[in-house]
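Taking it in order: structure first as structure tokens, then the write-up.
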Amino acid sequence: MRNENLQRDLVFLHQEFIRDAKVLDLERGYISASAFNLRMKPAILGAAARLIAQAFASEKIDIIHGIPHSGNYLATAVALAMDNGKTRIHSSRKDQNVPTTWKDIFRAEIRSFTTSNSGMTVFSGINLSFVLPGDHVLIIDDVCATGETGTHIVSGLKKRGVNVVGFAVLFDKVFQGGLKEVEKLGVNVFSCIHVVSIGKHDQIQLAQ
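Just so it is clear: in the sequence shown, position 169 is 169 by full-length UniProt numbering, and no numbers are missing.
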């Protein structure tokens, strides 16, 4: 029964993605799916969270860190779906002053995929709070394109002595290879939706 419910979640996410996604720039591989990152629907968050929680059910996870901003929403939903009483969510912020109460901060400067393609190279500061060596951490983001954000965060945490047990996203763009780059760092990766290719007139092919 549980597997049937998860399969329904997957079908639902595929249907919602195809309905919502638009190809904004074919050459640069840029697509928009606002219901999956900018204006997230609770039903989408719930379905994705259940799939991610199941994918990492056998892992020891102390902390879930969402990559801001949209990753924070999904991280909260995943923690609720795991519902084990032990996993915590730690705060993450982008380009904001860090509160003085935050200790053991991990910070990474990440190039913006969409902005840099517009002719400017813009970097965002990603701040993760209370990161300690030995922690078992699951990293959550909304989308993985080239993998630059994921590889920077994962490699930086590993150098700090953190056990990164996984990297999970709502959707990845297979044709840009980002999830494979993160996987090369020796962590388990998971994506609810694999976008295999895009074409003119909002043609989007998903892996089945």
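Backbone N, C-alpha and C fix where the C-beta goes; we use that ideal spot for every residue, glycine too. Keep in mind it's a predicted model, so treat the numbers as computed, not measured.
Can you pull the DSSP bridge partners for residue 217?
The requested residue 217 is not part of the displayed model; the chain covers only 1 to 208.
Quick one: grab the DSSP three-state call for residue 126.
Residue 126 falls in the strand class under three-state DSSP.
Quick check: what's the CA-CA separation for residue 191 versus residue 44?
Straight-line Cα distance between these residues: approximately 14 Å.
In terms of alpha-carbon separation, which member of 90, 193, 29 lies closest to residue 127?
That would be 90, whose Cα lies nearest to the Cα of residue 127.
Against chain C, does residue 95 count as a neighbour if the rule is that its beta carbon must be under 7 Å from one of theirs?
The chain inventory of the structure shown lacks chain C, comprising one protein chain alone.
Terminal residues of the continuous alpha helix (DSSP H) containing residue 3?
That run of the alpha helix (DSSP H) goes 2-20.
Please state the DSSP three-state secondary structure of residue 209.
Any answer about residue 209 is impossible in this case: the structure gives the chain only from 1 up to 208.
Would you kindly report the start and end of the unbroken alpha helix (DSSP H) that includes residue 71?
70-82 is the extent of the alpha helix (DSSP H) around residue 71.
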